[in-house]
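Residue 188 in numbering that gives the first Met the number 0 sits at position 189 of the sequence shown, with consecutive numbering throughout.
Single-structure report; data block below.
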Amino acid sequence: MREEDILETKFKLRDLEREKDFLAAEVKRLREENERFRHILEMTKREIALLREEVGKLKAPPLPYGTFIGLSPDPELVQIAVDGKIYEVKIANEKIKREDLKPGQRVLLNPAFNIVDLRDDFAVGEVAKVVNLLDEDRVIIRSRDTEERVVKLSSSLLAKKPRIGDNVRFDPKTELIFEVLPKSEVEEVVLEEIPEVTYEDIGGLAPQIEQLKDAVELPYIYGHLYSQFKLKPPKGILLYGPPGCGKTMLAKAVANSLSRRIRRFLEENKEAILIYKELKKGKKGRDILMRFENLCSQIYDYRAIYKNPPEGDTEALYQKLDESGILERFIRRMAARKGKKSELVWDITDWYNLLIELKEKGFGACLDRVRIGEMLERKRKEYLLSRKEMSDEDYAIHWLEEYLRTNKIDLNNLDEELKKTEEKLGTGIKSYFLNIKGPELLNKYVGETEYRIREVFQRAKERASYGLPVIVFFDEMESLFRIRGSGISSDIESTIVPQFLAEIDGVESIENVIVIGASNRQDLIDPAVLRVGRLDVKIRIDRPDKEAAKEIFGKYLTPDLPFASEELAHFGGDPEKLVSHLIDVAVEEMYSTKKENQFLRVTYQNKEQEILYFKDFSSGAMIEAIVSRAKTYALKRLIQTGKKGIRKEDILQAIRDEYKENEDLPNTTNPDDWTKIAGRKGERIIAVESLLPGRLRKEQKEVEEIRVDSRYL
């Protein structure tokens, strides 16, 4: 080959390689371009799919809500309510199980009304009031249209059921109650807190306390004797008298005493149920019998018909009673009357009869009722065991059966009875004293006050349904139940009084409800309210006399207070003797008829005049205020001078200052009304003149400036 051809071939080969490199680069570029277009195409496809999905969602029909009602007989279906209609549907979500659904559960549905998801409650609905309880999950309610309907409780309310009178939220489309609403207006004016005031905190009112106990506690504790004598417990009690003399305190003490008795009664029932259950299971031993004997002692003490302190040589009297044969004869007599000896175990009637018999024979006034009960039980057991009728455990079982039946406890459902008793004990027994804030019941809208009065008695009925006493206490009773047609007020009482009378007369069908009213102006209360059969018992709370004042002073001026050392030295360091002396001095000063204690000159309609002293206006509240003043003076002196203790001068100064503060209180514009409120009765008073000595009236007590270090603040 020629050299020229070879050279030409080389040039062609070089050009071909260059073209090859160019084409390879072009292929690479085209591949990259193709990959980019492929990626863009995939992104576009995804965006188109998303857009189609969004368009599909926008075109999809709405998903309705429903409420789960219950299970269907078909195991694949459940019942739901939608807009007041009930459907049986399937569960379209595998994560949702039939057993997880509870009545009242909000659910999300697909267009075919199948359940696809769960939702929370909307927490809205209509308000209704519970009228009555039917069974475990049904109640009767009254809605705003005054129609009554039977509805069911949602699962959230099965554990804590509503009570009669409660406001509830319900759905009229599903007929379910979802929530118990906060207190109504009526509940806001009903206080259910039991005060910590006892009879021991009240001084100078022993006769009134005894009357109140007889009226309130006896019908409850000795209901059997009331039935025996065909007596009806009083429906109502009126506490009346001048202000500051203890009416409200008495009502508080009644509530406290009654709540303690109720708690003791429930605790005894609980212990009786527990012992009975253990004995029925076959448990034996000294421990269980000791618990039984202790329970017997508590019950005998609780149900005693009299209470007197032991007197004289009691051991000799017990021995005399044991040897007298009274207990043995009583047991044989009761056994013969019953005919079956094995039934001679527990009979409260026989126990009462024995106590009365012992009292008539001279034993009741000096023997301890608990020990008499223990002796009686011992004799009964000896009588029964000697005839080989039963063992100690059998005796206890029969005794407890009679006791539980007497207290209306279902022996066939003891677990439920025990649960109910424990629930009542868990509430603190605070719901059996309804303290009505009288003036707050009044409402300007027609019929609203009457409605609230009905609600008060409805609440009393609900609480009394457990078989325990309920006290409805109206303080300042004249503010609600004034004389009709008197023209003194706006005549709203023309409808309030009849409503109250209708309710209290209706109490005949409601056991264990007692109305207690307190008033400073009983003369303003409608006579129909005060008549026998409504407020049967009327207890006047008078101003304290000297002896009563000493007793009241003793409640506030006690030996544990700090007294001045020089005062104590006069009585050998004995604070009790000092307190007794200070009380005597204070009472003598308060009740003295010296000229300095002259308070008022009143002129009666017949022109006769009378001088009234400060003692004529004394009260328990005034005595408490005097002691508080004396303590304050002693405290101020301690801060100023470092001298510690109460002195006689503090008490005397407190009396003078308390009198001085009251000098401008008499109402000279309408003196007769003022004196009635103050507790003065008799001839109409037409004029009142202050007789406070000029030196006291003009005397201005200097205000003492006390400088204290910051450490006292």
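Yeah, the Cβ is synthetic: ideal placement off N, Cα and C, and Gly gets one too.
| query | result |
| --- | --- |
| Which residues mark the beginning and the end of the alpha helix (DSSP H) in which D649 is found? | 647-660 |
| Taking the continuous alpha helix (DSSP H) assigned at E48, which residues delimit it? | Looking at the sequence itself, residue 48 is Ala, so the reference to Glu does not match. Per DSSP, A48 belongs to the alpha helix (DSSP H) from 2-58. |
| Using a Cβ-Cβ cutoff of less than 7 angstroms, which residues in the same chain neighbour N268 once the five nearest sequence positions on both sides are dropped? | N406, I408, T420 |
| Would you mind listing the alpha helix (DSSP H) stretches within the region 577-656 that are 4+ residues and don't spill past its ends, in chain order? | 619-640 |
| In its own chain, which residues sit with a C-beta less than 7 angstroms from the C-beta of N411, not counting the 5 before and 5 after it? | none |
| Only counting the same chain, and skipping five residues up and downstream in sequence, which positions put a Cβ closer than 7 angstroms to that of D119? | R105 |
| Can you grab the Cα-Cα spacing for the pair T494 / I524, in whole Å? | 14 angstroms |
| Identify the continuous beta strand (DSSP E) that holds Q78 and give its terminal residues. | 77-81 |
| Taking the C-alpha atoms as reference points, what is the distance between D474 and L433? | 11 angstroms |
| What three-state label does DSSP hand R683 in the structure shown? | coil |
| Check whether the region 613-625 touches the region 582-599, taking contact to mean three or more Cβ pairs, one atom from each stretch, closer than 8 angstroms. | yes |
| Assuming R97 and L70 make a contact with CB atoms under 8 angstroms, what is their CB distance in whole Å? | 6 angstroms |
| Pick helix, strand or coil for Y305, following the three-state DSSP scheme. | Bear in mind that a pLDDT of 43 at Y305, under 50, signals an unreliable position, so the number given afterwards is only what the model happens to contain. Coil at Y305, not helix or strand. |
| Rounded to the nearest angstrom, what separates E147 and N113 at their Cα positions? | 33 angstroms |
| Quick one: using the 10 Å Cβ neighbour count with 16 as the cut-off for buried, is G572 buried or exposed? | exposed |
| Please go through the same chain and pick out, in chain order, the residues whose beta-carbon is closer than 8 angstroms to the beta-carbon of I482, but skip the five residues on each side of it. | E492, L523, I524, D525, P526 |
| List the residues that DSSP assigns as beta-bridge partners of V126. | R168 |
| Does the pairing of the region 201-213 with the region 244-262 give three or more beta-carbon distances under 8 angstroms? | yes |
| Measuring CB atoms only, is the region 69-85 touching the region 41-52, in the sense that at least three cross pairs come out at less than 8 angstroms? | no |
| Can you list, in chain order, the residues of its chain with a C-beta nearer than 8 angstroms to that of L424? Leave out the 5 residues immediately preceding and following it. | R262, L265, E266, K269 |
| The alpha helix (DSSP H) that contains V253, what's its start and end? | 246-279 |
| Once DSSP output is grouped into helix, strand and coil, what is the label at E146? | coil |
| Note down, in chain order, each residue of its chain lying with its Cβ closer than 7 angstroms to the Cβ of D535, except the 5 sequence neighbours on either side. | P233, K234, G235 |
| Just the C-alpha distance for R453 and D391, rounded to the nearest angstrom, thanks. | 52 angstroms |
| From what residue to what residue does the alpha helix (DSSP H) around E400 run? | 391-405 |
| Would you decide whether R379 is buried or exposed? Buried here means 16 or more other CB atoms lie within 10 Å of its CB. | buried |
| Count the CB pairs spanning the region 536-553 and the region 577-589 that are closer than 8 angstroms, and state whether there are at least three. | yes |
| Using the C-alpha atoms, what's the distance from I645 back to K624? | Note that residue 624 is Ala in the sequence shown, not Lys. Those two C-alpha atoms are separated by around 15 angstroms. |
| Three-state secondary structure (DSSP) at L201? | First, the amino acid is wrong: residue 201 is Ile here, not Leu. DSSP places I201 in coil when its eight states are reduced to three. |
| Counting along the chain, where does the alpha helix (DSSP H) carrying F552 start and finish? | 545-555 |
| DSSP beta-bridge partners for I517? | Contrary to the premise, residue 517 reads as Ala rather than Ile in this sequence. Paired residue(s): L238. |
| Could you give the residue range of the alpha helix (DSSP H) that holds D414? | 413-425 |
| Buried or exposed for L712, please, with buried defined as at least 16 other CB atoms from any protein chain shown within 10 angstroms of its CB. | Only weak support exists for where L712 lies, its pLDDT of 29 falling under 50; the coordinates are left without a value. |
| Under the rule that 16 or more other beta-carbon atoms within 10 Å means buried, what is P308, buried or exposed? | Annotation note: pLDDT 45 at P308 (below 50); position unreliable, no value reported. |
| Could you give the C-beta distance for L62 and L107, rounded to a whole number, given that I count them as a contact under 8 angstroms? | 6 angstroms |
| For E637 and K643, which I take to be in contact (beta-carbon distance under 8 angstroms), what is that distance rounded to the nearest angstrom? | Here the sequence assigns Leu to residue 637, which means Glu is not the residue at that position. Between K643 and L637 the Cβ distance is about 5 angstroms, and since that is below 8 angstroms, they are a contact. |
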